[in-house]
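Asker: Numbering (this note's numbering), first residue to last: 45 to 821.
Don't be surprised by glycine CBs; every beta carbon is placed ideally from N, CA and C.
Fair warning: this is a prediction, and the values are worked out from it, not measured in the lab.
Encoded as structure tokens, here's the structure I'll be asking about.
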């Protein structure tokens, strides 16, 4: 394990910068000591009501009758609501219409909320919900992608990216392959479930929400209550995990709590238990990828035709962005000279699927890397050789028309190839597999090229607010939310560095819509990029006023003024920062400013499928080694080596933690996290007893993580790069290594069918598939 020296305090000497220091997370001590306050930890106010919801027990049905008389008369119940009680819009869709807060005449998935109860206690609310009588007229549900395709059930027409002539070029290729791959869903499984606390005042309602998107909570609550935006404030201090699951889904608890708060004029808390969260909220989109590829005898790709079918669930939610993101990353790191990528939006009777770390990128990349492995087996080359042959070179153009102007993948891969002893270990693995009948090893080194920016252009903007008080302390507020990823400490470092002060002087306050308005979600790995730049803009505005004051007050040149080591150097004067700030205050210098940033250079035309949707690419590579037991399908991950590109890291300790966590979460997606539904559309997994997320015990015993130290060529915050989502896809190397181990049973001449996630059963059958094809070849 790579060691990072974390500092509890950020200090500055005369020659150093606080940027690049591994300062610990601002709430780390609170987290481990149990002192960090989440929404459910806020002290209960007098008169607090608790919410429980009644949901559909059918995946697709008309509601014939609802009898809530026993619910209303249950002990300690104060209020009950159905759709007709909503004063404003009964729709909390983030982009397109179609997500009713409370179902009315028809239910479209098992778990869809029909009514809600507010009671004096959490227990009383849930007891009352169970007394409801709901009668249904069942309709035939559509449960999966195959059925959606068969019944032509889609939410919108497909999207297409094209470059060259894929279909005719494939026909001319010396080698042609085609295959399909089922790509799994995933439950977010944040430790803090969906929760909101609504507190009414004389003229507004404040929502304490566990949300990645405070401004959207504000907007949707205002629409449900039919109130103007200025009457709703949203506050988010921290989340106990999110991973995309609290970008749009957090609106459910916030809107229901706010509705009861307005009706009852009392504070209201709506906290989902784990079962309700599993049942009522969307997941990662399952995909079906179908590809046809033409390539030469050396494994060089000549043309690719890919169809990506996404199970969107019953409504659009954020599916248009997710499917497009899968299409943007169906090339991963490889040049396709002729290509057609088509994305399909399948409508099924499941909870509307939503954002998840990588936002469609993992599904596109897995389809791509599976195809690369298939090509390698077809021509008898090591997959790493095929990967390197097809890497983008500077000047190459993606299927959507963006030029790859900075490409560090080849040197990055070659460095990891050397550091991980890939070729030595490959030879040792071949020897091991030849001498062991039941245990087989596999290895894979896979790259990641991930575009950084929201693909909806208007979301690429951020605001910040910076106050300096007369004692020299600094209060920072920005539109980003803290979900454990270390955003707050990174932006605090940006502010501390701007004024040349230690980190202790800077404090981040909770994200609030009445401090910074109209914020974008903390998503798309852009939190530090955008909020850091917005905070720096605010700092620079204040600094400009302070410098102008110093020039006039001390009668010196601007070039003689420095902010350094908790002091202001003004010519021959060296003044403590707090003394200079107090002096500026006494001379009526403004010590507060708002900051703003919008990402430059980006544009995309959805009609043509061409543009520059990403400001830059974050890159990385991972080498994974596994051992499988072909008699049981059990396996272990022996070693993982990661080299990841973070530009000039703002905080290497935080970044390495993100890389480790992202990788393990990605490994869970592709190995153990098996979400499934029965034939009637009921989700079978409703908690940790039936859904296996990775734990500390699944961490590889050898886990090496290193940052690839090269400044971003774009003008990002201190030349850093985003780190939140890209590491997730490094875990594809684990799935490819398991498949490699199975392929060894055919002497690497056959690419076995391996379902994802690669559960023990899937691995067992993949090994059987490889053995069968060895015997028949």
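Would you call the region 240-249 and the region 311-325 in contact, with 3 or more CB pairs under 8 Å?
Answerer: Taking 8 Å as the limit for Cβ pairs, the verdict is that the region 311-325 does touch the region 240-249.
Asker: Please state the DSSP three-state secondary structure of residue 520.
Answerer: To locate residue 520, count along the chain shown from 1; it is residue 476. Here residue 520 sits in strand by DSSP.
Asker: In angstroms, rounded to a whole number, what distance separates the CA positions of residue 258 and residue 774?
Answerer: To locate residue 258, count along the chain shown from 1; it is residue 214. To locate residue 774, count along the chain shown from 1; it is residue 730. If I take the Cα positions, the gap works out to 30 Å.
Asker: Which partner residues does residue 338 have in the DSSP bridge list?
Answerer: Here residue 338 refers to the residue found at position 294 of the chain shown. BP columns for residue 338 point to 220 and 347.
Asker: Apart from the five residues just before and just after residue 578, which ones in its own chain have a Cβ nearer than 7 Å to its Cβ?
Answerer: Within the chain shown, numbered from 1, the residue matching residue 578 stands at position 534. Around residue 578: 506, 507, 508, 522, 639, 640 and 641.
Asker: Select from 781, 545 and 698 the residue whose C-alpha is nearest the C-alpha of residue 749.
Answerer: For the purposes of this step, residue 749 is identified with residue 705 of the chain shown, where counting begins at 1. Ranking 781, 545 and 698 by Cα distance to residue 749 puts 698 first.
Asker: According to DSSP, is residue 148 part of a helix, a strand, or is it coil?
Answerer: Numbered from 1 along the chain shown, position 104 holds the residue referred to as residue 148. Residue 148 falls in the coil class under three-state DSSP.
Asker: When you compare each of 232, 139, 637 and 110 to residue 173 by their alpha carbons, which one comes out closest?
Answerer: For this step, residue 173 is matched to residue 129 along the chain shown. Nearest C-alpha to residue 173: 110.
Asker: Compare the Cα-Cα distances from residue 298 to each of 318, 287 and 277 and report the closest residue.
Answerer: By one-based count along the chain shown, residue 298 stands at place 254. Measuring from the Cα of residue 298, the nearest candidate turns out to be 277.
Asker: According to DSSP, is residue 46 part of a helix, a strand, or is it coil?
Answerer: The sequence position of residue 46 within the chain shown is 2, counting from 1. Because the pLDDT of residue 46 is 48, which lies under 50, any placement of that residue in the model is unreliable, and the question is left without a value.
Asker: For residue 566, count neighbouring Cβ atoms within 10 angstroms of its own Cβ and tell me buried if that reaches 16, exposed if not.
Answerer: Taking the first residue of the chain shown as position 1, residue 566 is located at position 522. It is buried - the Cβ of residue 566 has at least 16 other Cβ atoms within 10 Å.
Asker: Let me know the secondary structure DSSP gives residue 464 once reduced to three states.
Answerer: Looking up residue 464 in the chain shown gives position 420. Coil.
Asker: Report the residue from 777, 470 and 754 whose alpha carbon sits nearest the alpha carbon of residue 715.
Answerer: Translated into positions along the chain shown, residue 715 becomes position 671. Considering only alpha carbons, the answer is 777.
Asker: What's the gap between the Cα of residue 144 and the Cα of residue 135?
Answerer: On the chain shown, position 100 is the one that residue 144 refers to. On the chain shown, position 91 is the one that residue 135 refers to. For residue 144 and residue 135, the distance between alpha carbons rounds to 4 Å.
Asker: Taking just the CA atoms, how far does residue 727 sit from residue 122?
Answerer: Here the question's residue 122 lines up with position 78 in the chain shown. Here the question's residue 727 lines up with position 683 in the chain shown. For residue 122 and residue 727, the distance between alpha carbons rounds to 31 Å.
Asker: Tell me the DSSP bridge mates of residue 84?
Answerer: As a position in the chain shown, residue 84 is number 40, starting the count at 1. The partner list for residue 84 (beta bridge, DSSP) is empty, contrary to what the question assumes.
Asker: For residue 110, list the residues DSSP reports as bridge partners.
Answerer: Here residue 110 is taken as the residue at index 66 of the chain shown, counted from 1. According to DSSP, residue 110 bridges with 178.
Asker: Please name the residue or residues paired with residue 204 in a DSSP beta bridge.
Answerer: Within the chain shown, the letter at position 160 stands for residue 204. Per DSSP, 386.
Asker: For a quick check, are the C-beta atoms of residue 780 and residue 490 less than 8 Å apart?
Answerer: On the chain shown, residue 780 is found 736 positions in, with the first residue counted as 1. On the chain shown, residue 490 is found 446 positions in, with the first residue counted as 1. Result yes, Cβ atoms of residue 780 and residue 490 sit closer than 8 Å.
Asker: Helix, strand or coil for residue 104 per DSSP?
Answerer: Counting from 1 along the chain shown, the entry for residue 104 is found at position 60. Residue 104 falls in the coil class under three-state DSSP.
Asker: Measuring CB to CB, does residue 73 end up less than 8 Å from residue 324?
Answerer: The count along the chain shown starts at 1 and reaches residue 73 at position 29. The count along the chain shown starts at 1 and reaches residue 324 at position 280. No.
Asker: Cutting at 8 Å between CB atoms, please list the residues of its own chain near residue 48, excluding the five before and the five after it.
Answerer: Residue mapping note: residue 48 aligns to position 4 of the chain shown, counting from 1. Because residue 48 sits at a pLDDT of 47, beneath the cut-off of 50, its placement in the model cannot be relied upon, and the point is left open.
Asker: Might you give, ordered along the chain, the residues of its own chain that have their beta carbon closer than 7 Å to the beta carbon of residue 805, omitting 5 neighbours on each side?
Answerer: Your numbering for residue 805 matches position 761 in the chain shown. Closer than 7 Å at Cβ, skipping near neighbours: 677.
Asker: Using a Cβ-Cβ cutoff of less than 6 Å, which residues in the same chain neighbour residue 343 once the five nearest sequence positions on both sides are dropped?
Answerer: Taking the chain shown and counting its residues from 1, one reaches residue 343 at position 299. So the list reads 419, 423, 425, 430 and 433, once near-sequence residues are dropped.
Asker: Verify whether the separation of the beta carbon atoms of residue 260 and residue 133 is less than 8 Å.
Answerer: Mapped onto the chain shown, residue 260 falls at position 216. Mapped onto the chain shown, residue 133 falls at position 89. Not in contact: residue 260 and residue 133 (Cβ atoms no closer than 8 Å).
Asker: Mind checking who residue 607 pairs with in its DSSP beta bridge?
Answerer: Numbered from its first residue, the chain shown carries residue 607 at position 563. DSSP, once it has assigned bridges, lists 612 as partnering residue 607.
Asker: Can you tell me whether residue 729 is buried or exposed, with buried defined as 16 or more other CB within 10 angstroms of its CB?
Answerer: Along the chain shown, one-based indexing puts residue 729 at 685. Its Cβ being crowded by 16 or more others within 10 Å, residue 729 is buried.
Asker: Looking at the unbroken alpha helix (DSSP H) that takes in residue 663, where does it start and where does it end?
Answerer: Indexing the chain shown from 1 puts residue 663 at position 619. No alpha helix (DSSP H) contains residue 663, which is instead part of the beta strand (DSSP E) from 660-673.
Asker: Assess contact between the region 325-344 and the region 402-418, defined as three or more Cβ pairs (one per stretch) separated by less than 8 Å. Is contact present?
Answerer: Touching, yes, given that three or more Cβ pairs across the two stretches are closer than 8 Å.
Asker: Look up residue 427 in the DSSP assignment and say whether it is helix, strand or coil.
Answerer: Position 383 of the chain shown, counting from 1, holds the residue named residue 427. Of the three classes helix, strand and coil, the one that applies to residue 427 here is helix, per DSSP.
Asker: Just tell me which of 304, 549, 706 and 296 has its CA closest to the CA of residue 249.
Answerer: Indexing the chain shown from 1 puts residue 249 at position 205. It is 304.
Asker: Return the residue from the list 528, 710 and 770 that minimises the CA-CA distance to residue 76.
Answerer: Translated into the one-based positions of the chain shown, residue 76 becomes position 32. Checking every option, the nearest Cα to that of residue 76 belongs to 528.
Asker: By DSSP's criteria, residue 199 is part of a beta bridge. Which residues make up the other side?
Answerer: Mapped onto the chain shown, residue 199 falls at position 155. BP columns for residue 199 are empty, so no partner.
Asker: Suppose you measure from the CA of residue 130 to the CA of residue 363; what does that come to, to the nearest Å?
Answerer: For the purposes of this step, residue 130 is taken as residue 86 along the chain shown, with counting starting at 1. For the purposes of this step, residue 363 is taken as residue 319 along the chain shown, with counting starting at 1. Rounded to whole angstroms, residue 130 to residue 363 spans 26 Å at the Cα level.
Asker: Give the secondary structure of residue 315 by DSSP, where H, G and I count as helix, E and B as strand, and everything else as coil.
Answerer: As a first step, residue 315 is located in the chain shown; it is residue number 271 there, counting from the start. Residue state, collapsed to three classes: strand.
Asker: Using the DSSP secondary-structure output, state which residues sit across from residue 171 in a beta bridge.
Answerer: Translated into the one-based positions of the chain shown, residue 171 becomes position 127. BP columns for residue 171 are empty, so no partner.
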